[in-house]
Amino acid sequence: VDLNGAAGGIDYTTTFAEDGGAVAVCDAAALSVVDVDDTELESASVTITSVLDGAAESLSAETGGRGISASYDPATGILSLTGTASVAEYQTVLRTMTYQNTSQDPTTTARSITFVTNDGDADSAVATCAVTVEAENNVPVIVGQEVLSTPEETELAIGLGDLQVTDPDNTYPDELSLTVQDGSDYSRTGNTVTPAAEFNGTLTVSVVVNDGTTDSNTYNLAVTVTAVADAPVITGQEVLTTPEETALAITLSHLHVTDPDSTYPGDFTLSVQDGANYTRNGSSITPVVDFNGQLTVPVVVNDGGLDSNAYDLGVSVTAVNDAPALDLDAETAGIDYAAAFVEDGGPVSIVDTDGLSIGDVDDAEFESAQVVITNVLDGAAEVLSADAGETGIGVSYDPGTGILSLTGTAALADYQAVLRTVTYTNTSQDPHTTARVIEFTVNDGDSGSPTSIAELVFFDEIALELQFGWNLSSLPFGTDATEGPAAVLIDGNHTPLFAGNVWVWNPQETQYQELVGPFTGKIAFWVFSPSEDAVTTAVIRGCSETGSVYLYPGWNLIGPTAYIPLAEVNGIENITGTVWRWDAVRHAYEAVRGNGGVLERGRGYWIFLDADERCWIKTGN
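The numbering used here puts the first residue of the sequence shown at 1192, with every later residue one more than the last.
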């Protein structure tokens, strides 16, 4: 057998390419079979001497009805031709001999294929075909995927393990790489994709694998993006303003809010948070006193499940004129003042001359002030005065209305100084003792202050006519507590009168005791007058005619506060025996009894109370 015909030698060479189909293992046109002493052959065998790819390797021949049978054994790699036929017939069949290898990853070691024929008596010499095997890279194919899902706006890293890939000549996934491509509704970083904001549903993500040489087909990977609740976002606001110190109710309508899965404002709720320069009550805010400018108010909305971002709401607080403030006595609580007037005692201050204060947070100058006696009872006898000094402030008093007016633009400090000098006087010799209510206001040209009130109470005066020696006297209730015995002066010469010789009766301890403190109304006292020449008159101011005189069981030395007819004394039936008073001229007691008897203020009386408990005599109003 000569595989190459006329060419040198009897062997043949060829090349097999993967997936290139079967190749002839001889020169199909030139193979020759020669038997010099026989015209027929009985058999032939063609053998793959080293089968490296198993059943994937095969030999084939076309017998074409020539009486020759062909049989291939994949286990041995031998193609057997049997049957008696002419040499020419065997030559024709052997010329159709081909080699095939269907492996997708064939071993590239060269194959040796031997040819031997037999004429029934002897085998021919072995002719060999050398087959070079060339492997071809197989393209990887993505045939499927695992189930993939990710929540809204949540990144997903795609890996080779998420794909189903075939590649006959590479080990998956170790020898392959992955490329994720750009697409719609997601962003990509490397092989990680992130669904676009608010997207949910199925993402189509194009992917390709590569075996080191060739890319696979492009595969549309399906990723399910699951919907999640979206937090609302406050993106803006309406313009908000409020005047100074004025509450503002903040509502959902004041905010611009986006929420892809909820309808605003719908079931949204609003939370206004605490901050600087305002107080909060629920969703209402009130700027702090005197603040104006821009408020920053943090707010949050909730869609029923999630809070929004905290948003700094801007609120413009517009300035308004602040009313001035006036305090007649800044050293005590409140803004009012209390004073007392005594007949013939001269003008009295009706403000704290050191403590009166005025203020205005937004104005340094005042335009006017007014002081009004609201209940003028003694006509022109009542006068309000003030000393303007060098301030330039005009001062005028209208006795018809009881109004003291201060006018003219001047500094706050100047108005304060002038108001500290305001006094009241009453020249009536029989003044009404009803307390006067005097109102003060100041004005900065835009608004007036709240009204401050000075209440002026009236005290009477009493003249005690003292005989030489011991006198039994009394003072009406309400005597000035600062006037003790050593302070009482003889009328006209300002000489101390009593010098300590004042004694009072203690009905509970039933004994006399010296009076060293201030005089007190309702009790009588013994006083010694040293003047032998004349009756001494002691004028004591600051007396009131109202009050109650207490009587204890037994003897009481009392000083009534008004003229009281004994017949009108409540409980007179409990006063037994005689009521006694002292006659300082005769130096003897005398009885006061009967329908004509009266208790006179300024005198002392001994009264015996026949009762088990304390009683009282109410006098005055």
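Backbone N, C-alpha and C fix where the C-beta goes; we use that ideal spot for every residue, glycine too.
- Two segments are said to touch when three or more pairs of C-beta atoms, one from each, lie closer than 8 Å; by this definition the region 1240–1247 does not touch the region 1327–1335.
- With fewer than 16 other Cβ atoms from the protein chains shown falling within 10 Å of its own Cβ, residue 1697 counts as exposed.
- The residue among 1482, 1717, 1475, 1223 with its C-alpha nearest the C-alpha of residue 1287 is 1223.
- Beta-bridge partners assigned by DSSP to residue 1447: 1427.
- For residue 1279, the enclosing alpha helix (DSSP H) has its first and last residue at 1278–1285.
- The region 1608–1628 makes no contact with the region 1495–1510; the number of CB pairs closer than 8 Å stays below 3.
- Around the beta-carbon of residue 1472, fewer than 16 other beta-carbon atoms lie within 10 Å, marking it exposed.
- One Cα belongs to residue 1437, the other to residue 1601, and the distance between them is close to 30 Å.
- The criterion of a C-beta distance shorter than 8 Å is not satisfied by residue 1320 and residue 1410.
- Closest option to residue 1382, judged by alpha-carbon separation, among 1390, 1371, 1388, 1392: 1371.
- Ranked by Cα distance from residue 1452, the first of 1352, 1391, 1201, 1482 is 1391.
- In the same chain as residue 1605, and ignoring 5 residues on each side of it, the C-beta atoms closer than 7 Å to its own belong to 1582, 1584, in chain order.
- As the crow flies, the alpha-carbon of residue 1439 is around 42 Å from that of residue 1386.
- Residues 1541, 1562, 1563, 1564, 1565, 1575, 1615, 1644, 1645, 1646, 1647 of the same chain have their beta carbon placed closer than 8 Å to that of residue 1629, with the five preceding and five following residues left out of the count.
- Burial state of residue 1777 is exposed, judged by a 10 Å Cβ sphere holding fewer than 16 other Cβ atoms.
- DSSP places residue 1215 in the strand class (E or B) of the three-state scheme.
- The residue from 1435, 1549, 1772 with its alpha-carbon nearest to that of residue 1795 is 1772.
- CA-CA distance, residue 1525 to residue 1476, rounds to 28 Å.
- Collapsing the DSSP output to three states places residue 1243 in coil.
- Look at the region 1218–1275 and you find these whole runs of beta strand (DSSP E), each 3 residues long or longer: 1231–1239, 1248–1251, 1260–1264.
- In the same chain as residue 1281, and ignoring 5 residues on each side of it, the C-beta atoms closer than 8 Å to its own belong to 1224, 1232, 1235, 1259, 1272, 1308, in chain order.
- At a cut-off of 3 residues, the continuous stretches assigned as beta strand (DSSP E) that sit fully inside the region 1318–1371 are 1318–1325, 1332–1336, 1339–1342, 1354–1357, 1368–1371.
- About 20 Å separates the beta carbon of residue 1449 from that of residue 1430, a gap too long to meet the 8 Å contact definition.
- When the alpha-carbon of residue 1486 is set against those of 1749, 1441, 1194, 1560, the nearest one is in 1441.
- Look at the beta carbons and you see the region 1354–1372 not touching the region 1251–1269: under three pairs across the two are nearer than 8 Å.
- For residue 1606, the secondary structure class from DSSP, reduced to helix, strand or coil, is helix.
- Its chain contains 1573, 1593 as the residues whose beta carbon lies nearer than 6 Å to that of residue 1567, once the 5 sequence neighbours on both sides are disregarded; these appear in chain order.
- For residue 1777, there is no enclosing beta strand (DSSP E), as DSSP gives it neither H nor E.
- Inter-residue distance for residue 1695 and residue 1706 is about 6 Å (C-alpha atoms, whole angstroms).
- Taking 4 residues as the minimum length, the alpha helix (DSSP H) runs contained wholly in the region 1559–1647 are 1603–1610, in order along the chain.
- Setting aside the 5 residues that flank it on each side, residue 1401 is surrounded in the same chain by 1368, each with a C-beta closer than 6 Å to its C-beta; the list follows chain order.
- Assigned with DSSP and collapsed to three states, residue 1507 falls in strand.
- In the three-state reduction of the DSSP assignment, residue 1699 falls in the coil class.
- Assignment of beta strand (DSSP E) within the region 1462–1547, counting only whole runs of 3 or more residues, yields 1469–1472, 1475–1478, 1484–1493, 1502–1509, 1516–1518, 1528–1533 in chain order.
- Closest in C-alpha terms to residue 1405, from the list 1360, 1446, 1284, 1221, comes 1360.
- Contact between residue 1468 and residue 1459 is absent: CB atoms are separated by about 27 Å, not below the 8 Å threshold.
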